[in-house]
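Here is the structure we will look at, set down as structure tokens.
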Amino acid sequence: MAWLFFPLNVFSAGFAERGGVLEVAIIFLVVYPALRLLRVARAASIAVGIAVFAVLYWLAATLGPTTLGVVCRGGLLFIAFAIIVLFQPEIRRTLIGFGNRFRSPFGPRHRGQFGESIYDEVVLAATSLASTKTGALFVIERNIALKTIVDAGVKLDAKLSYDLLVAIFNPASPLHDGAVVLRGDRIAAACCFLPLSLNPTISKSLGTRHRAALGITEDSDAAAIVVSEETGLMSFVLAGQIRRALDATRLRAAIFQAVEGGDAKVPSRELAQRPGSETEANEIASI
Numbered sequence: 567m568a569w570l571f572f573p574l575n576v577f578s579a580g581f582a583e584r585g586g587v588l589e590v591a592i593i594f595l596v597v598y599p600a601l602r603l604l605r606v607a608r609a610a611s612i613a614v615g616i617a618v619f620a621v622l623y624w625l626a627a628t629l630g631p632t633t634l635g636v637v638c639r640g641g642l643l644f645i646a647f648a649i650i651v652l653f654q655p656e657i658r659r660t661l662i663g664f665g666n667r668f669r670s671p672f673g674p675r676h677r678g679q680f681g682e683s684i685y686d687e688v689v690l691a692a693t694s695l696a697s698t699k700t701g702a703l704f705v706i707e708r709n710i711a712l713k714t715i716v717d718a719g720v721k722l723d724a725k726l727s728y729d730l731l732v733a734i735f736n737p738a739s740p741l742h743d744g745a746v747v748l749r750g751d752r753i754a755a756a757c758c759f760l761p762l763s764l765n766p767t768i769s770k771s772l773g774t775r776h777r778a779a780l781g782i783t784e785d786s787d788a789a790a791i792v793v794s795e796e797t798g799l800m801s802f803v804l805a806g807q808i809r810r811a812l813d814a815t816r817l818r819a820a821i822f823q824a825v826e827g828g829d830a831k832v833p834s835r836e837l838a839q840r841p842g843s844e845t846e847a848n849e850i851a852s853i
């Protein structure tokens, strides 16, 4: 397996006289994201399999030319391709993360376009829908454009508001089936259908709406909010990880940190209540 590390050895040797700063940077940019992947159950299981293969390869190299050695050497290429295929969503998110760190300040960004009132509109809509056990799925576009998803849905490009969100997911609305894509302070599209997660470790208790939320957050850096029509619970999904049974305060904090950045301080703010909001939504849906 020495050939796998040959490029790094040559690269680091050429800069050895300049100290270990470059090596530390490489370790931070390459090894740290790889270790983060191991937090995923699927990644941990595959890592165990690779470790077993590494032990077999070491035994084959120790014993000399054997059939086991031939098989292990031939399997290296297949393992490399298998890793790329199995970790395709994670690798894509990691590479996009690298690109976002060094991206030109003139490049497009979707973060930071939410105003304080927009957070309230989204959370109030989710809370209202949860109180009536009305299923809903909101997708918040972040740095990766969801053009394909938006183009396949019903384009709205409408001002994001509580009333419109509740009206869209009213069972009488023709747009209630599917997800809405939120782009900054706009509702980009409704009735959008998302890729379902194929992660075998997902709980069997999660329905299609939750699997769709997991799927879109695995394939992109988008965040998703799910309201269960069975339980009325609100969930927040980011990077293929789901946080269930959130109240309005925790949901707002999760959305704020996803949009503004993980280190952003969540401002303390009480959500305003809207009397008669359900009646207003029903009237809008009937138009």
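Counting in this note's numbering, the sequence shown runs without a single skipped number right up to 853 at its last residue.
We treat Cβ as the ideally placed atom computed from N, Cα and C, and that holds for glycine.
With a Cβ-Cβ cutoff of 8 Å, do residue i and residue j count as a contact?
{"i": "A819", "j": "V803", "result": "no"}
{"i": "R764", "j": "T774", "result": "What sits at residue 764 in the sequence shown is Leu, not Arg. Contact flag unset, no."}
{"i": "R708", "j": "A805", "result": "no"}
{"i": "R706", "j": "L760", "result": "Per the sequence shown, the amino acid found at residue 706 is Ile instead of Arg. Going by C-beta atoms, I706 is not nearer than 8 Å to L760."}
{"i": "L726", "j": "I684", "result": "yes"}
{"i": "A790", "j": "C758", "result": "no"}
According to DSSP, residue i sits in a beta bridge with which residue or residues?
{"i": "C758", "result": "A745"}
{"i": "V803", "result": "A790 and I808"}
{"i": "R752", "result": "K725 and R749"}
Looking only at its chain, what residues have a beta carbon closer than 6 Å to the beta carbon of residue i, apart from the 5 residues adjacent to it on each side?
{"i": "Y728", "result": "E687, L690 and A691"}
{"i": "L772", "result": "none"}
{"i": "L792", "result": "The sequence shown places Val at residue 792, not Leu. Around V792: L703, R775, H776, A779 and S801."}
{"i": "T693", "result": "A814"}
{"i": "V716", "result": "V747, A754 and A755"}
{"i": "L574", "result": "Low confidence applies to L574: its pLDDT is 47, below 50, so where it sits in the model is not reliable, and the reading given next is rough at best. Correct list: empty, nothing qualifies."}
{"i": "E721", "result": "According to the sequence displayed, residue 721 carries Lys and not Glu. Closer than 6 Å at Cβ, skipping near neighbours: A755."}
Please go through the same chain and pick out, in chain order, the residues whose beta-carbon is closer than 7 Å to the beta-carbon of residue i, but skip the five residues on each side of it.
{"i": "I734", "result": "L741, H742, V746 and A756"}
{"i": "D723", "result": "R752 and A754"}
{"i": "R810", "result": "L799 and S801"}
{"i": "H676", "result": "Unreliable placement is indicated for H676, whose pLDDT of 48 sits below 50; no coordinate value is reported for it."}
{"i": "L695", "result": "A702, V732, F735 and V793"}
Between residue i and the rest of its own chain, which residues show a CB-CB distance below 8 Å, the 5 nearest in sequence each way excluded?
{"i": "K770", "result": "none"}
{"i": "G641", "result": "F619"}
Let me make sure I understand the geometry here. Which of the options has the alpha-carbon closest to that of residue i?
{"i": "I645", "options": "Y623, T628 and V716", "result": "Y623"}
{"i": "A711", "options": "E796, D785 and I616", "result": "D785"}
{"i": "S794", "options": "K699, V705, V720 and E826", "result": "K699"}
{"i": "L812", "options": "I650, V618 and S697", "result": "S697"}
{"i": "L808", "options": "L625, T783, V618 and T797", "result": "What sits at residue 808 in the sequence shown is Ile, not Leu. That would be T783, whose Cα lies nearest to the Cα of I808."}
{"i": "V637", "options": "G781, A620 and V651", "result": "A620"}
Item to check | Ranges of the beta strand (DSSP E) found wholly within the segment 696-740, counting only runs of at least 3 | outcome: 702-706 and 720-725
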